[in-house]
Amino acid sequence: LTMDQVILEKHCDVVLQESDAILSLAYLNSYFQTGLKNILDRAILLHSEAHVDISRYAKVDEIPFDFQRRIMSVIVRTPEGQDRMITKGAPEEIFPRCQQFELDGDVFPMEHLYIDELKEEYQQLSADGFRVLAIATKTVASRGSTPYSRGDECDLILNGYVDFLDPPKDTAKAAIRALEGHGIHVKVVTGDNDLVARKICKEVGLATEFVLLGP
C-alpha cells in the first residue's frame, strides 16, 4: 500500500518542537547498533541534517532489539567521559521505562498529568500518519567488562521523538477498487500501530471501522 521509501520527517522534543539534539541521539543509536538495520535506521543515517562527530564517541555495549519489548539500546562513552545509554523504540514501550522527561534543558518527573499530555503528543503524530520512535537516555556507571541487559533499560529520561513518513502509493487506491470489483476483499496486517494503520487505510479507500489489535 505504501511506497516503502521511509523518510525521516521530524525530530522533536516531547512537546513536538524541532530538536537537533534528538536527531543526534537517534543517529548515535542507529550508528552503533550491530544488529540488522531496518528502514527506519537507514532513514536516520541518511538524514542530511544529522551532524555527529562519531570519532568523539566510543561504543561500550548494546542491548539488541527484539519483538517482545520493541526497543533497543546502545551504551556509548561521551566526549566528557560519561557512559550514556541511548534507547529508542515504540513510545508505548519506552514510556513505562521512564521516570523523568526532558524539556528545554530541564528534567521533570513523569507524573500522571504529564504522562497523559505527553501520550497525546505522540498519538497525534501517529494519527497524522507518522511512524514514531521515542528516544530516551540515562547516564550509567561504568561497569568494565560486565555486559548490560534488558533489566538496565529502566529509570530512563524521555527526550523526544523521531518521526517517519511512508506515504501511500499513487496507484494503491485504484488497485484496491479494481480488486473489490472482482470480489476480492483487501485485509491489512501491519506492525504499525492502529492510528498509523487507520490513516494509511483511509487514504487508500479501505474501511477503518474495525481494527483488531494484538492484545
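Under the numbering used here, the residues of the sequence shown are numbered 28 to 242, in order. Glycine included, each C-beta is placed from N, C-alpha and C at the ideal position. What you are looking at is a predicted structure, and each value in this text was computed from that prediction instead of being measured.
Of the listed residues 208, 181, 221, nearest to residue 99 (C-alpha basis): Translated into the one-based positions of the sequence shown, residue 99 becomes position 72. Selection 208, 181, 221 evaluated against residue 99 yields 181 as nearest (Cα-Cα).
Burial state of residue 166, where buried means 16 or more other Cβ atoms lie within 10 Å: Working through the sequence shown from its first residue, we reach residue 166 at position 139. It is exposed - the Cβ of residue 166 has fewer than 16 other Cβ atoms within 10 Å.
Beta-carbon proximity list for residue 79, same chain, < 7 Å, skipping 5 on both sides: Reading the sequence shown from its first residue, position 52 is the one you call residue 79. Around residue 79: 51, 54, 55.
Runs of alpha helix (DSSP H) wholly within the segment 94-147 (minimum 4 residues, chain order): You should have 118-121.
Run of the beta strand (DSSP E) containing residue 238, from where it starts to where it stops: Translated into the one-based positions of the sequence shown, residue 238 becomes position 211. It is not in any beta strand (DSSP E) - residue 238 carries neither H nor E in the DSSP assignment.
Residue 156 vs residue 192 beta-carbon contact at 8 Å: Along the sequence shown, read from residue 1 onward, the residue named residue 156 stands at position 129. Along the sequence shown, read from residue 1 onward, the residue named residue 192 stands at position 165. Yes.
Rounded distance between the beta-carbons of residue 215 and residue 224, thought under 8 Å: For the purposes of this step, residue 224 is identified with residue 197 of the sequence shown, where counting begins at 1. For the purposes of this step, residue 215 is identified with residue 188 of the sequence shown, where counting begins at 1. Between residue 215 and residue 224 the Cβ distance is about 6 Å, and since that is below 8 Å, they are a contact.
Proximity below 8 Å, CB of residue 145 to CB of residue 190: The residue labelled residue 145 in the question sits at position 118 within the sequence shown. The residue labelled residue 190 in the question sits at position 163 within the sequence shown. For residue 145 and residue 190, no; Cβs fall outside 8 Å.
Endpoints, the alpha helix (DSSP H) within which residue 223 is located: Locating residue 223 in the sequence shown gives position 196, counting from the first residue. From DSSP, the alpha helix (DSSP H) with residue 223 extends over 221-230.
Element boundaries [beta strand (DSSP E), containing residue 191]: By one-based count along the sequence shown, residue 191 stands at place 164. 183-192 is the span of the beta strand (DSSP E), which, as asked, contains residue 191.
Three-pair Cβ contact test at 8 Å for the segment 71-78 versus the segment 118-130: no
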